[in-house]
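Notes follow the structure.
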Amino acid sequence: MARPGFRSPSSLVPRAAALLLVLSVPRALALPEICIQCPGDVQNLSEVALYCKQTPELMLQGRCCLNGKGTILGLDLQNCSLKDPGPDFAQAHTAVIIDLQANPFEGDWANTFRGFTQLQTLILPQGVNCPGGINAWDVVTFYITNQTCQGQRTFATALGTQKRVLRMDLVLLMVLVSCSVFVLMASMATSVCARAHSHCSCSSVFWDPQHYPFPSCFGGLNAEKPRLHEPQRSSY
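Quick note, this note's numbering runs 1042 ahead of the 1-based positions in the sequence shown.
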């Protein structure tokens, strides 16, 4: 006869099994705030939905496409009446595709995408430039109501392109300045010699580069032309 309050080991087995079963069930991952920032779910025909349905391991929850670990791979905030992406937008820095079209964005928020290194497709409203400019993306396509930025280049690639463009602009500027100075000097020399044609001679014969860096006019109306490198006469 069992003592009162004492349970046999056999009666504890079902309870232990039930406890282990509860502990083995993974807890539901908390949905990131950015996924519920806008009411409703991702539309079935949106680019984010199509991307998410291509891989069985991915799932649509709220406005996000998540993998099994809860990492955001897609974000659809189109037509959410947003003036800016919001403070929780950085939660989607792992996203591969983001749709932000049909939103009245205001201000300059180019730095909003800093750290979004995995982003390959970005859909924006018309009038909003692709982050980093055209040189930061492989393809930029303009439509009537939106524009698509595809194939984000690495920061080093985009920076290298900007450096090459800057060097080309600098070389072109130096060439233009040099040509302008040369044309200006030639024009000034021609003008001076033309005005003093009856008073002086402007010829390379009287130009000594060691004493005069540029050709110049010598003499007056009846002045004798200077003789350069004339040998000195002996006084004896």
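The beta carbon of each residue, even a glycine, is placed where N, CA and C say it ideally should be. What you are looking at is a predicted structure, and each value in this text was computed from that prediction instead of being measured.
Asked                                                                                                                                   : Found
Proximity of residue 1099 and residue 1110 at Cβ, strictly below 7 Å                                                                    : yes
Straight-line Cα distance separating residue 1103 from residue 1159                                                                     : 23 Å
Alpha-carbon to alpha-carbon, residue 1136 and residue 1125                                                                             : 22 Å
Among 1157, 1078, 1149, 1182, nearest to residue 1163 - alpha-carbon criterion                                                          : 1182
Pairwise C-alpha distance: residue 1132 and residue 1188                                                                                : 22 Å
Same chain, Cβ closer than 6 Å to residue 1176, five either side skipped, listed in chain order                                         : 1182
Residue 1101 versus residue 1117 - alpha carbon distance                                                                                : 12 Å
Contacts around residue 1185, its chain only, beta-carbon distance under 6 Å, and the 5 residues preceding and following it disregarded : none
Beta bridge counterpart(s) of residue 1283 as assigned by DSSP                                                                          : There is simply no residue 1283 to check, as the chain begins at 1043 and stops at 1278 in what is shown.
Within-7 Å CB hit, residue 1180 to chain C                                                                                              : Protein chain content of the structure displayed is limited to a single chain, and chain C is not contained in it.
Extent of the continuous beta strand (DSSP E) to which residue 1102 belongs                                                             : 1101-1103
Beta-carbon proximity of residue 1122 to residue 1115, cut-off 7 Å                                                                      : no
Nearest residue (CA-CA) to residue 1167, options 1094, 1140, 1180                                                                       : 1140
Cβ-Cβ distance between residue 1128 and residue 1079 below 7 Å                                                                          : yes
DSSP beta-bridge partners of residue 1107                                                                                               : 1102, 1116
Closest by C-alpha distance to residue 1081, when choosing among 1119, 1145, 1095                                                       : 1119
Alpha-carbon spacing of residue 1088 relative to residue 1196, whole angstroms                                                          : 26 Å
Which of helix, strand or coil DSSP assigns to residue 1164                                                                             : strand
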